[in-house]
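Undergrad:
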Amino acid sequence: MAHRLLTVLIILTTTCSACTLPDPDPADTSNAAAVQHLEYPAYETCEDIVEYSGFTSSYNHNTLVPEWVAYELTAEELNWAYDSQSSNFSRDPDLKGPQASREDYSHSGWDKGHMAPKADMRWSEKSYWESHYFTNVCPQNHELNAGDWNSLEKSVRRWAKQYGTIWVVCGPIFEQDALGTIGTAHVHIPDAFYKALLIRDSEGQYHTIGFVMPNEGTHHSFKSYACTVNSLEERIGRDLFPALDDSVEESVEEETNWKIWNR
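Written as structure tokens, this is what we have:
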């Protein structure tokens with residue numbers, strides 16, 4: 001089942017310390033693990049982080065939604081090996097601590113919104129069903145889930161095919177916390193969602209872009225949602241793609257180059 005990186009429950013009174021991955025040095029093979037996890041954001045040591053076969057989730061046992069979900073998607077992984085159309089959401093049976101449940105979402109008016117999309121996880125039966133754990137799910141407006149968020153997910157798959165690999169980190173944003181909760185467990189409804197993307201072009205240059213979408217049913221152009229990763233970091237209070245070399249990270253996270261993203 002899932003490999004646990006940490007199994008520490010989040011407690012409000014706990015003092016947390018920051019954890020970042022080391023900067024990768026291509027000439028140093030000892031940094032291979034860091035290079036393989038370019039998608040990881042910086043995180044606190046008190047976060048409950050679960051590494052699944054296809055993605056990694058930091059689950060918040062207070063809000064009952066993930067803090068963030070990160071994964072690497074390759075063009076090869078888009079050759080689907082598992083084509084089930086069913087979606088049976090469930091709790092992660094190996095994760096200790098409170099989790100959301102199907103009953104919390106039932107008749108709530110909110111979708112069970114995947115962070116790592118099930119369509120990105122069809123390269124194996126295991127990864128597909130792990131994407132249906134509530135550690136990968138947030139209450140999401142149906143029009144957003146089926147509309148602009150879905151369109152962005154499709155674009156991510158297209159970019160994975162175009163560039164060979166794409167690194168993704170996404171999650172909920174709580175600012176006003178105006179939408180309340182659902183269910184008897186009080187699953188918190190995010191105000192918005194973000195997705196940050198990293199690719200490496202044919203010349204070996206890295207490029208990033210961020211997107212923020214309000215948790216509502218309006219439809220807009222992709223450009224209206226786009227932002228630099230630096231501005232997204234300021235909004236969510238978290239360092240993204242810290243495994244990049246510092247000089248590379250600083251330059252690429254300040255750009256939004258639409259020629260690269262073909263939008």
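Last residue of the sequence shown? That's 263 in my numbering, and every number before it is there in order. Glycine included, C-beta positions come from ideal geometry on N, C-alpha and C.
1) Measure the CB-CB distance between E226 and F241 and report whether it falls below 7 Å.
2) Please report the straight-line C-alpha distance between L244 and H107, rounded to a whole angstrom.
3) Considering only the alpha carbon of each residue, which of G109, Y105, E143 and V168 lies closest to P117?
4) Note down, in chain order, each residue of its chain lying with its Cβ closer than 6 Å to the Cβ of D111, except the 5 sequence neighbours on either side.
5) Is the beta carbon of C138 sitting closer than 7 Å to the one on V252?
6) Can you confirm whether the stretch 40-58 touches the stretch 67-85 when touching is taken to mean that 3 or more C-beta pairs between the two stretches lie within less than 8 Å?
7) To the nearest angstrom, how far is it from the Cα of Q162 to the Cα of K195?
8) Can you tell me the Cα-Cα spacing of N150 and I236, whole angstroms?
9) Roughly how far, in whole angstroms, is the beta-carbon of D191 from the beta-carbon of E203, given that I think they are within contact range, below 8 Å?
10) Near F134, which residues of its chain fall below 6 Å by C-beta distance, leaving aside the five closest residues on each side in sequence?
11) Check the DSSP bridge columns for L78 and list the partner residues they point to.
12) If you count every other CB in all the chains shown that lies within 10 Å of the CB of N215, and 16 or more means buried, which is it?
13) Tell me the rounded alpha-carbon separation between D177 and D239.
TA: On the basis of the data shown:
1) Translated into positions along the sequence shown, residue 226 becomes position 226. Translated into positions along the sequence shown, residue 241 becomes position 241. Note on identity: in this sequence residue 226 is Ala, with Glu being the wrong assignment. No, the Cβ-Cβ distance between A226 and F241 is not below 7 Å.
2) Looking up residue 244 in the sequence shown gives position 244. Looking up residue 107 in the sequence shown gives position 107. The straight-line gap from Cα to Cα measures roughly 43 Å.
3) On the sequence shown, position 117 is the one that residue 117 refers to. Nearest C-alpha to P117: V168.
4) Numbered from its first residue, the sequence shown carries residue 111 at position 111. Taken in chain order, the residues that qualify are Q140, H142 and N145.
5) Along the sequence shown, read from residue 1 onward, the residue named residue 138 stands at position 138. Along the sequence shown, read from residue 1 onward, the residue named residue 252 stands at position 252. Contact flag unset, no.
6) yes
7) In the sequence shown, counting from the first residue as 1, residue 162 sits at position 162. In the sequence shown, counting from the first residue as 1, residue 195 sits at position 195. Straight-line Cα distance between these residues: approximately 19 Å.
8) Locating residue 150 in the sequence shown gives position 150, where the first residue counts as 1. Locating residue 236 in the sequence shown gives position 236, where the first residue counts as 1. The alpha-carbon atoms of N150 and I236 are separated by roughly 22 Å.
9) Working through the sequence shown from its first residue, we reach residue 191 at position 191. Working through the sequence shown from its first residue, we reach residue 203 at position 203. So it is not a contact: roughly 38 Å between Cβ atoms.
10) Counting from one through the sequence shown, the residue named residue 134 turns up at place 134. These residues qualify, in order along the chain: R91, Q99 and A100.
11) Counting from one through the sequence shown, the residue named residue 78 turns up at place 78. According to DSSP, which records beta bridges pairwise, L78 is partnered with nothing at all.
12) To locate residue 215, count along the sequence shown from 1; it is residue 215. Buried, since its Cβ has 16 or more Cβ neighbours within 10 Å.
13) The residue given as residue 177 occupies position 177 in the sequence shown. The residue given as residue 239 occupies position 239 in the sequence shown. D177 and D239 have their C-alpha atoms roughly 22 Å apart.
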